[in-house]
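Colleague: Structure provided below as structure tokens; questions to follow.
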Amino acid sequence: MGKSLSAQQFYPMHFIQLFTDEGVSENDIARLNRNYLVPAGFQEVSDTLFVHPQHKERVLLSARQLGDKNELLLTYLTTGDLKVFRERLAAKEGGFEKVDENTYELPFKNPVNKFMIGKDTVIDTKRFHTIKYLLIYDRGHRFHFSADHCTFPATETYPLQHTTWYFTANYERAQSNSEYNDISVIFSKEKTKSSNKIEFVDDINFKITYTDQKKKVHVYRGTYQNYKSDIFFRYDGGEWSDRDKTGRALHVPDERDMGTESFFYDPKSFAQAEGTLRYFRFIFSKSYKSSYNTDLGLMELSGREIKEQQDRGSMPKREN
Numbered sequence: 027m028g029k030s031l032s033a034q035q036f037y038p039m040h041f042i043q044l045f046t047d048e049g050v051s052e053n054d055i056a057r058l059n060r061n062y063l064v065p066a067g068f069q070e071v072s073d074t075l076f077v078h079p080q081h082k083e084r085v086l087l088s089a090r091q092l093g094d095k096n097e098l099l100l101t102y103l104t105t106g107d108l109k110v111f112r113e114r115l116a117a118k119e120g121g122f123e124k125v126d127e128n129t130y131e132l133p134f135k136n137p138v139n140k141f142m143i144g145k146d147t148v149i150d151t152k153r154f155h156t157i158k159y160l161l162i163y164d165r166g167h168r169f170h171f172s173a174d175h176c177t178f179p180a181t182e183t184y185p186l187q188h189t190t191w192y193f194t195a196n197y198e199r200a201q202s203n204s205e206y207n208d209i210s211v212i213f214s215k216e217k218t219k220s221s222n223k224i225e226f227v228d229d230i231n232f233k234i235t236y237t238d239q240k241k242k243v244h245v246y247r248g249t250y251q252n253y254k255s256d257i258f259f260r261y262d263g264g265e266w267s268d269r270d271k272t273g274r275a276l277h278v279p280d281e282r283d284m285g286t287e288s289f290f291y292d293p294k295s296f297a298q299a300e301g302t303l304r305y306f307r308f309i310f311s312k313s314y315k316s317s318y319n320t321d322l323g324l325m326e327l328s329g330r331e332i333k334e335q336q337d338r339g340s341m342p343k344r345e346n
């Protein structure tokens, strides 16, 4: 479905995924992470340079040893507007402090963790905004995401931001254990029999578009988190509501309040509800494990939950 070119591809939360030291030689500190950059549309020029063939954005990495420390400097040249990028850096959730108009850093000094927005760069008459990410850390240091064999694992996180997919979903009693229900959602880049569409607007926001039986188009928005193989969806219940003729939101019972009429008790009723708000609220209120098939261009989200037993207090719980 293509990617939006109106905004930068990478946001602050993505930068730590752009490089890895997994599989590098003893003399090297890190290289760019092709597992993340290639699905984002970038082509590898070298271990330290990737270029997007369409809009020519570039990701560069320089690494050096400073005594007992390692220094990584990642430079991202983007044609996108930096308004949202700056908002993310200024947000309390990120934890960065504003040093000056173009510099944000985490308050602790070891490791050094800093973003710098530099002067624009012109390459072949095309102007790029310059974002630099600096990380200085003790050699041998382990972060919370580090693995036993490396500091920066080459995770299989798929860069969902600025991608659009068509999707179908299936919900059924688990064949291996009738006390569980399984849900799967298939994302396809090609339009299938389903016109249900999801767009990952940026690093945290998504919207779905669907057409009801009366041929009316509906758009609903929510938020998501995506790391490694885990994807979490959330939505605002007030916004995800049908409206009366005056535009007021109609009450939509939570699936957990519907007793024996809920999908949990009768998974077969899920398919019958396709194309309804209830159907989409159910799908996008969950967390999933994801896997991407490169050859088919398909992403599958899967989850399993305990079916409802008696009341809301014993409602579906995620299986660990």
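Residue numbers for the sequence shown, in my numbering: 27 to 346.
Glycine is no exception: its CB is placed at the ideal position from the N, C-alpha and C atoms.
As the structure is a prediction and not an experimental result, all values here were calculated from the model.
What residues in its chain sit with their C-beta under 7 Å from that of K124, if we drop five residues either side in the sequence?
Modeller: Translated into positions along the sequence shown, residue 124 becomes position 98. Result list for K124: A116 and Y130, in chain order.
Colleague: Could you spell out where the beta strand (DSSP E) holding R199 opens and where it closes?
Modeller: Reading the sequence shown from its first residue, position 173 is the one you call residue 199. Element bounds for R199: T189 to R199.
Colleague: For T74 versus L86, is the C-beta distance shorter than 8 Å?
Modeller: Start at 1 with the first residue of the sequence shown, and residue 74 comes out as number 48. Start at 1 with the first residue of the sequence shown, and residue 86 comes out as number 60. Taking 8 Å as the Cβ cut-off, T74 and L86 qualify as a contacting pair.
Colleague: Inspect the CB distances between the region 322 to 331 and the region 207 to 223 and report whether three or more fall short of 8 Å.
Modeller: Result yes; three or more Cβ-Cβ pairs closer than 8 Å.
Colleague: Classify Y253 as buried or exposed, calling it buried when 16 or more other Cβ atoms lie within 10 Å of its own Cβ.
Modeller: Indexing the sequence shown from 1 puts residue 253 at position 227. Y253 should be labelled exposed.
Colleague: Quick one: grab the DSSP three-state call for L17.
Modeller: Residue 17 lies beyond the stretch modelled for the chain, which goes from 27 to 346, so this question has no answer here.
Colleague: Inspect the beta-carbon positions of K223 and Y184 and report whether they are closer than 8 Å.
Modeller: The residue labelled residue 223 in the question sits at position 197 within the sequence shown. The residue labelled residue 184 in the question sits at position 158 within the sequence shown. Not closer than 8 Å, so no.
Colleague: Quick check: the Cα distance between H81 and P38, rounded to an integer number of angstroms?
Modeller: As a working mapping, residue 81 is identified with position 55 in the sequence shown. As a working mapping, residue 38 is identified with position 12 in the sequence shown. Each residue's Cα considered, the two are about 20 Å apart.
Colleague: Could you check what DSSP says for Y184 in three-state terms: helix, strand or coil?
Modeller: Against the sequence shown, residue 184 aligns to sequence position 158. Of the three classes helix, strand and coil, the one that applies to Y184 here is coil, per DSSP.
Colleague: For R282 versus A200, is the C-beta distance shorter than 8 Å?
Modeller: As a first step, residue 282 is located in the sequence shown; it is residue number 256 there, counting from the start. As a first step, residue 200 is located in the sequence shown; it is residue number 174 there, counting from the start. Going by C-beta atoms, R282 is not nearer than 8 Å to A200.
Colleague: Could I get the ranges of all uninterrupted beta strand (DSSP E) runs contained in the region 200 to 281, with 3 residues as the minimum, in chain order?
Modeller: Here the runs fully enclosed are 206 to 214, 223 to 226, 231 to 237, 243 to 253 and 256 to 261.
Colleague: Counting Cβ pairs closer than 8 Å, one from the region 88 to 105 and one from the region 46 to 56, do we hit at least three?
Modeller: Flag = yes, the region 88 to 105 and the region 46 to 56 touch.
Colleague: What residue from T190, Q35 and F259 has the CA that sits closest to S328's CA?
Modeller: To locate residue 328, count along the sequence shown from 1; it is residue 302. Minimum Cα distance to S328 is reached at F259.
Colleague: Tell me V138's beta-bridge partners as DSSP assigns them.
Modeller: Residue 138 sits at position 112 when you count from the first residue of the sequence shown. BP columns for V138 point to I162.
Colleague: Can you tell which of T302, S316 and A66 has the C-alpha that lies nearest to the C-alpha of D238?
Modeller: Taking the first residue of the sequence shown as position 1, residue 238 is located at position 212. The residue with the shortest Cα to Cα distance from D238 is T302.
Colleague: Could you check how far apart the C-beta atoms of F171 and G248 are, in whole angstroms? I think they sit under 8 Å.
Modeller: For this step, residue 171 is matched to residue 145 along the sequence shown. For this step, residue 248 is matched to residue 222 along the sequence shown. Rounded, the Cβ-Cβ distance is 25 Å, inconsistent with contact.
Colleague: Please name the residue or residues paired with L99 in a DSSP beta bridge.
Modeller: Your numbering for residue 99 matches position 73 in the sequence shown. Bridge partners of L99: S88 and L160.
Colleague: Mark G106 as exposed unless 16 or more other C-beta atoms lie within 10 angstroms of its C-beta, in which case mark it buried.
Modeller: The residue you call residue 106 lines up with position 80 of the sequence shown. With 16 or more other Cβ atoms within 10 Å, it is buried.
Colleague: Is H188 buried or exposed, if buried means 16 or more other CB atoms sit within 10 Å of its CB?
Modeller: On the sequence shown, residue 188 is found 162 positions in, with the first residue counted as 1. Under this definition H188 is a buried residue.
Colleague: With a threshold of 7 Å on Cβ separation, who are the neighbours of D256 within its own chain once the five nearest residues in sequence on each side are excluded?
Modeller: Counting from 1 along the sequence shown, the entry for residue 256 is found at position 230. Within the same chain, D256 has close Cβ partners S313 and K315.
Colleague: Between G67, D47 and A297, which has its C-alpha nearest A195's C-alpha?
Modeller: Along the sequence shown, read from residue 1 onward, the residue named residue 195 stands at position 169. Nearest C-alpha to A195: A297.
Colleague: Could you tell me which residues DSSP pairs with I149 in its beta bridges?
Modeller: Numbered from its first residue, the sequence shown carries residue 149 at position 123. According to DSSP, I149 bridges with K152.
Colleague: Where do the ends of the beta strand (DSSP E) carrying V50 lie?
Modeller: Numbered from its first residue, the sequence shown carries residue 50 at position 24. Premise fails: V50 is in no beta strand (DSSP E) and is neither H nor E.
Colleague: Counting C-beta neighbours from all protein chains within 10 Å, is the total for T218 16 or more, i.e. buried, or is it exposed?
Modeller: Position 192 of the sequence shown, counting from 1, holds the residue named residue 218. By the neighbour-count rule (16 or more Cβ atoms within 10 Å), T218 is not buried but exposed.
Colleague: Name the residue from S204, T156, F169 and W266 whose alpha carbon lies nearest to the alpha carbon of N136.
Modeller: Here the question's residue 136 lines up with position 110 in the sequence shown. Nearest option by C-alpha distance: F169.
Colleague: Tell me the rounded alpha-carbon separation between A299 and T181.
Modeller: By one-based count along the sequence shown, residue 299 stands at place 273. By one-based count along the sequence shown, residue 181 stands at place 155. The straight-line gap from Cα to Cα measures roughly 36 Å.
Colleague: Do Q34 and T104 have their C-beta atoms closer together than 8 Å?
Modeller: The count along the sequence shown starts at 1 and reaches residue 34 at position 8. The count along the sequence shown starts at 1 and reaches residue 104 at position 78. Yes. Within cutoff.
Colleague: Can you give me the start and stop residues for the beta strand (DSSP E) that R330 sits inside?
Modeller: Along the sequence shown, one-based indexing puts residue 330 at 304. Taken as a continuous stretch (DSSP letters only), the beta strand (DSSP E) holding R330 covers L324 to I332.
Colleague: Give me, in chain order, the residues of the same chain whose beta-carbon lies closer than 8 Å to that of Q69; leave out the 5 immediate sequence neighbours on both sides.
Modeller: For the purposes of this step, residue 69 is taken as the residue at position 43 of the sequence shown. Within the same chain, Q69 has close Cβ partners F76, V77, H78 and P79.
Colleague: Verify whether the separation of the beta carbon atoms of Y246 and I230 is less than 8 Å.
Modeller: What you label residue 246 is simply residue 220 of the sequence shown in a count that begins at 1. What you label residue 230 is simply residue 204 of the sequence shown in a count that begins at 1. No, they are not a contact pair.
Colleague: To the nearest angstrom, how far is the alpha carbon of R165 from that of N139?
Modeller: Counting from one through the sequence shown, the residue named residue 165 turns up at place 139. Counting from one through the sequence shown, the residue named residue 139 turns up at place 113. So the alpha carbons of these two residues sit roughly 15 Å apart.
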